[in-house]
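What follows is a set of notes on a single structure, which appears directly below.
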Amino acid sequence: MRAPIILLLAVQASGQALISSDTAFYGESPAVYPSPNATGVGDWEDAYAKAVDFVAQLTLAEKVALTGGVSSGNGCAGRIPAINGTDFPGLCLSDGPAGIRGTNLVSSWPAGNAVGASWNRNLTKLRGVGMAKEFKAKGAQVALGPVVGPLGRIANGGRNWEGFSNDPYLAGALGADSVEGIQSVGVTASTKHFIANEQEHYRNPSGNVAAVSANIDDKTMHELYLWPFQDAVKAGTGSIMCSYNRLNNSYGCANSLTQNGLLKTELGFQGFVVSDWGAQHSGVASALAGLDMAMPSGSSFWGNNLIAAVNNGSVPESRIDDMAIRILSTWYKFSQDTDFPAPGIGMPSRVSGPYQRIIGTSPDSKEVLLQGAIEGHVLVKNTNGALPLKSPQLISLYGYSARTFDRYAWGTPGWNNGEEARSTADTSTTQIASNGTLFTGGGSGGNMPAYLSSPYEALSQRAYDDGTHLWWDFQYNSQNSQVDQGSDACIVIGNAYAAEGADRPGLHDDFTDNLILNIANQCNNTIVVFHNAGVRLVDQFIDHPNVTALIFAHLPGQDAGRALVSLLYGDTSPSGKLPYSVPHNESDYGALKNESLPVGIYANFPQSDFSEGVYIDYRAFDQQDITPRYEFGFGLSYTTFGFSGLAASVAAGANTDAYPIQPIVEGGRQDLWDVVAQVSADVANTGSVQGAEVVQLYVGIPNGPIRQLRGFEKVLLSPGESGHVTFDLTRRDLSTWDTEKQEWLLQEGEYQVYIGSSSRDLPLSSTLTI
Ligand code: NOJ
């Protein structure tokens, strides 16, 4: 076995305590016991006190019953039973991150990658509010989202689209906003998947092959993968879902370092850890390592076995008390004891009762659904004044993602997620969903829309309103389609499919590239749109002189078509920015394109060494001087913006001592959040239409990557209008993780500071000395 060899080398090379050696983290997960009890810090105080009182009245069997799922039959992904003779009615946990799944009368919200592309914190929070109202109406106390892991290390990753961005700062900010929005309605957010579930292949054990082990060093863990989870904990996430994969060879839900150490000690997490479905592989070990709730079944490893483990002294009863207190204090904290529909009351389909209404079509939610879809679109090419369209007389529309597919049965009560967009002819080797508009991805991250506005339907409506002539051709072999030479514009809409359970077979497909080239060869104003569940490469067609515009629409949810039409016609100016880079070639990713597979002597214990450290996406492209096709943070508008007046200074009275000195609160050491420096700048709309710019702040921390995102703000400006933006830089923003001290270390010296409209268009720069 490999782990002991690495361990030995680490000791020989450094002679230092293993916990403080980076090398020790490769392949060996240090033990951290016992599991810390919740303490009721901060605004958990009241809920914690109530939970302690409640749990004191319960028998061991009743406490254990709280820790494991029972089969539900009501459409909840997981269910905790009621405790007879008490007020506790049980819990309903439901997927997922883009809206409640497996039920009707709800909405399909823009998926994670569209939210990431919006770079809009307020809108993200409102989305959380809107979707949580739907969870609540259906009696689901726990929403299984948001996703901040996978972060998106692997370009082919099958679930990258469920999360916001492969930048930890952006993912963390939008994750925190989602948690706040969801929980403001009284629904518990379960932020997932903790941690390093960066590939789908071998995420689970199969036969005698164990799940893949993500081998991560301590510094990378803190500066990249743990970062957004820290933001979610700081925002008060009531639950964290532990992941399928192994982390340094120890299963995610039985990993004492990540759960007892990182989450419950270092970050001061007060809520409960729930296993991903079937991610529990041990009884005593997972209990001692900090798992609090097993899903979907408590009886596989816990249940009576956990009672026996307490009775024979293998697990202290105080650990069971802590599990129960964490679960019940979350239930109290969000007032689910006083103000919540019965668990699963509206699941799986509508029943009569006071809570049944179509929330998704309420005026507030309608606005957020549409605006979220609009801002999730990123315009990356726009030449010859192609967009916005100018009173076109004839538009020709092509591509399989332009029209709504049939709702054929995927089980009662009908369609459930983006898998329906797949054609029965598509196999796991095709990369597209050829049946129709890909408004969401496949698996537990997808859900059922209240309706679907496809591009074809929305363009038809617009044609009716404007008196435009719309021609369409969606035949599957439209690689041979003809173009009416009277067309003012030809719009080609394709997609890039991804679903839970598999990584993507590639980042572009010849079928769609040829479809685009065929139209471009005949039409000198060819506008390309992708509904893309991840990075989609474009070099095969993008330099064709007739390809005048390109939009990455991401996965916009049920208002896909309406949003696109608003942008195409210039009712709204595009304001989305790429939350990842689009390189020229697959090879630009090096080892980070494909997932790790079982090989050689580790065939039964697949290993994925995260040896690139923090250098993924733009951090890697900057480091290796690789010019991407479209850089991280890039996106065009119908107007132009100018930047000026950069000021950067250490904040008045800031403590610039090397290490934090404060106690641990929810989210970590208290003074990690102190403002150490401030950066401000002006942005002006220098064009002729209203538009929003995302002002982006990048910082080059001494001894770190060339630059890292450390602030962003979206500013809506009328022509000629200016805005002043101020960014607070916290201690954590300006620190690196010190593996010796196990603390964030504020660097001494000169920091580079950049402001601009993307990670490579940074007209303002300065330095900051600490
Ligand atoms: C497995 C997925 O990984 C997770 O995200 C989801 O919440 C559960 N299944 C429950 O459906």
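So the sequence shown is residues -15 to -1, 1 to 755, counted in mature numbering (1 follows the signal peptide of the UniProt record, and there is no 0).
Glycine included, every Cβ here is placed at the ideal spot set by N, Cα and C.
How should Asn369 be labelled, buried or exposed, when 16 other C-beta atoms within 10 angstroms of its C-beta is the threshold for buried?
Stepping through the sequence shown from its first residue, residue 369 is reached at position 384. With fewer than 16 Cβ atoms within 10 Å of its Cβ, Asn369 is classed as exposed.
Three-way DSSP call (helix, strand, coil) for Ser303 in this model:
In the sequence shown, counting from the first residue as 1, residue 303 sits at position 318. Three-state result, Ser303: helix.
Would you say the beta carbon of Asp544 is closer than 7 Å to some non-hydrogen atom of the ligand NOJ?
One-based indexing of the sequence shown puts residue 544 at position 559. Incorrect: Asp544 has no Cβ contact closer than 7 Å to the ligand NOJ.
Considering only their Cβ atoms, is the gap separating Val661 from Thr715 smaller than 8 Å?
Residue mapping note: residue 715 aligns to position 730 of the sequence shown, counting from 1. Residue mapping note: residue 661 aligns to position 676 of the sequence shown, counting from 1. Result yes, Cβ atoms of Thr715 and Val661 sit closer than 8 Å.
Verify whether the separation of the beta carbon atoms of Tyr603 and Ser566 is less than 8 Å.
The residue labelled residue 603 in the question sits at position 618 within the sequence shown. The residue labelled residue 566 in the question sits at position 581 within the sequence shown. In contact: Tyr603 and Ser566 (Cβ atoms closer than 8 Å).
Quick one: measure Cβ to Cβ for Ala518 and Tyr482, integer angstroms, because I've assumed they're closer than 8 Å.
Looking up residue 518 in the sequence shown gives position 533. Looking up residue 482 in the sequence shown gives position 497. About 6 Å; that satisfies the 8 Å criterion.
Drop a sphere of 10 angstroms on the beta-carbon of Val738, count the other beta-carbons inside from all chains shown, and report buried for 16 or more, exposed for fewer.
In the sequence shown, residue 738 corresponds to position 753, counting from 1. That one is buried.
Inter-residue spacing [alpha-carbon to alpha-carbon] between Thr422 and Thr389:
Reading the sequence shown from its first residue, position 437 is the one you call residue 422. Reading the sequence shown from its first residue, position 404 is the one you call residue 389. Going by the C-alpha atoms only, they are around 6 Å apart.
Of the choices Lys177, Val680, Val635, Phe606, whose alpha-carbon is the least far from that of Gln215?
Translated into positions along the sequence shown, residue 215 becomes position 230. Among Lys177, Val680, Val635, Phe606, the Cα nearest to that of Gln215 is on Lys177.
In chain order, what are the residue ranges of uninterrupted beta strand (DSSP E) at least 3 long that sit wholly in the region 96 to 182?
173 to 179
What do you get for Ile586, buried or exposed, if any count of 16 or more other CB atoms within 10 angstroms of its CB means buried?
Locating residue 586 in the sequence shown gives position 601, where the first residue counts as 1. So Ile586 ends up on the exposed side.
Would you tell me roughly how many angstroms separate the C-alpha atoms of Gly268 and Ser241, rounded to the nearest one?
Locating residue 268 in the sequence shown gives position 283, where the first residue counts as 1. Locating residue 241 in the sequence shown gives position 256, where the first residue counts as 1. Their backbone Cα atoms lie some 13 Å apart in a straight line.
Using a strict less-than 5 Å threshold between each residue's beta carbon and the heavy atoms of the ligand NOJ, what residues do you get?
Ala62, Asp80, Leu129, Asp261, Trp262, Ser429
Let me check understanding here. Comparing Cα to Cα, which of Tyr33, Arg138, Tyr18 lies closest to Thr24?
Start at 1 with the first residue of the sequence shown, and residue 24 comes out as number 39. Closest option to Thr24, Cα to Cα, is Tyr33.
Range of the contiguous alpha helix (DSSP H) that encloses Trp212:
Here residue 212 refers to the residue found at position 227 when the sequence shown is read from its first residue. Start and end: 211 to 219.
Taking only the alpha-carbon atoms, compute the straight-line gap between Gln470 and Thr497 and give it to the nearest angstrom.
On the sequence shown, position 485 is the one that residue 470 refers to. On the sequence shown, position 512 is the one that residue 497 refers to. So the alpha carbons of these two residues sit roughly 22 Å apart.
Where the beta strand (DSSP E) containing Tyr383 begins and where it ends
Within the sequence shown, numbered from 1, the residue matching residue 383 stands at position 398. From DSSP, the beta strand (DSSP E) with Tyr383 extends over 379 to 383.
Near Leu657, which residues of its chain fall below 7 Å by C-beta distance, leaving aside the five closest residues on each side in sequence?
Counting from one through the sequence shown, the residue named residue 657 turns up at place 672. For Leu657, where only same-chain residues beyond five positions count, the Cβ hits under 7 Å are Pro645, Thr715, Arg716, Arg717, Trp729.
Comparing alpha-carbon positions, which option in Ser224, Arg188, Gly263, Pro281 lies nearest Gly253?
Taking the sequence shown and counting its residues from 1, the one referred to as residue 253 is at position 268. When each option's Cα is compared against that of Gly253, the closest is Ser224.
Out of curiosity, what's the CA-to-CA distance linking Gly331 and Ala50?
Here residue 331 corresponds to residue number 346 of the sequence shown, with the count starting at 1. Here residue 50 corresponds to residue number 65 of the sequence shown, with the count starting at 1. About 24 Å.
Could you tell me whether the Cβ atoms of Gln244 and Val259 are closer together than 8 Å?
The residue you call residue 244 lines up with position 259 of the sequence shown. The residue you call residue 259 lines up with position 274 of the sequence shown. No, the pair does not count as a contact, with Cβ atoms beyond the cut-off.
Using a threshold of 8 Å, state whether the C-beta atoms of Ile740 and Val680 are closer than that.
What you label residue 740 is simply residue 755 of the sequence shown in a count that begins at 1. What you label residue 680 is simply residue 695 of the sequence shown in a count that begins at 1. Against a cut-off of 8 Å, the Cβ pair of Val680 and Ile740 comes out as a contact.
Where Gly399 falls, given that 16 or more other Cβ within 10 Å makes a residue buried:
As a first step, residue 399 is located in the sequence shown; it is residue number 414 there, counting from the start. Residue placement at Gly399 is flagged as unreliable, the pLDDT there being 47, under the threshold of 50; the coordinate-derived value follows with that caveat. Exposed: under 16 other Cβ atoms inside 10 Å.
Please state the DSSP three-state secondary structure of Phe390.
The residue given as residue 390 occupies position 405 in the sequence shown. In this structure, Phe390 counts as coil in the three-state DSSP scheme.
Which of helix, strand or coil does DSSP assign to Thr511?
Your numbering for residue 511 matches position 526 in the sequence shown. Here Thr511 sits in strand by DSSP.
Secondary structure of Ile686, DSSP reduced to three states
As a working mapping, residue 686 is identified with position 701 in the sequence shown. In this structure, Ile686 counts as coil in the three-state DSSP scheme.
If you follow the alpha helix (DSSP H) that residue 807 is part of, which residue opens it and which one closes it?
Outside the shown range of the chain (-15 to 755) lies residue 807, about which nothing can therefore be said.
When the Cα atoms are used, what is the spatial distance from Val71 to Ala272?
Translated into the one-based positions of the sequence shown, residue 71 becomes position 86. Translated into the one-based positions of the sequence shown, residue 272 becomes position 287. A small fix is needed here, since residue 71 is Thr in this sequence, not Val. Approximately 25 Å, taken between the alpha carbons.
Given that a residue counts as buried once 16 or more other Cβ atoms are within 10 Å of its Cβ, and exposed if not, what is Gly734?
Translated into positions along the sequence shown, residue 734 becomes position 749. Gly734 comes out exposed.
Just grab the DSSP bridge partners of Tyr449 for me.
Stepping through the sequence shown from its first residue, residue 449 is reached at position 464. None; Tyr449 has no bridge partner.
Give the single residue among Gln655, Pro704, Ser750 whose Cα lies nearest to the Cα of Leu682.
Within the sequence shown, the letter at position 697 stands for residue 682. That would be Ser750, whose Cα lies nearest to the Cα of Leu682.
Helix, strand or coil for Gln655? Go by DSSP, reduced to three states.
The count along the sequence shown starts at 1 and reaches residue 655 at position 670. Residue state, collapsed to three classes: helix.
Can you have a look at Asn145 and say buried or exposed, based on whether 16 or more other CB atoms are within 10 angstroms of its CB?
The count along the sequence shown starts at 1 and reaches residue 145 at position 160. Looking at its Cβ environment, which holds 16 or more other Cβ atoms inside 10 Å, Asn145 is buried.
DSSP-derived helix/strand/coil call for Val91
As a working note, residue 91 is residue 106 in the sequence shown. Here Val91 sits in coil by DSSP.
Please go through the same chain and pick out, in chain order, the residues whose beta-carbon is closer than 8 Å to the beta-carbon of Leu631, but skip the five residues on each side of it.
Looking up residue 631 in the sequence shown gives position 646. The residues are Val664, Ser665, Ala666, Val738, Ile740, Leu749, Ser750, Ser751.
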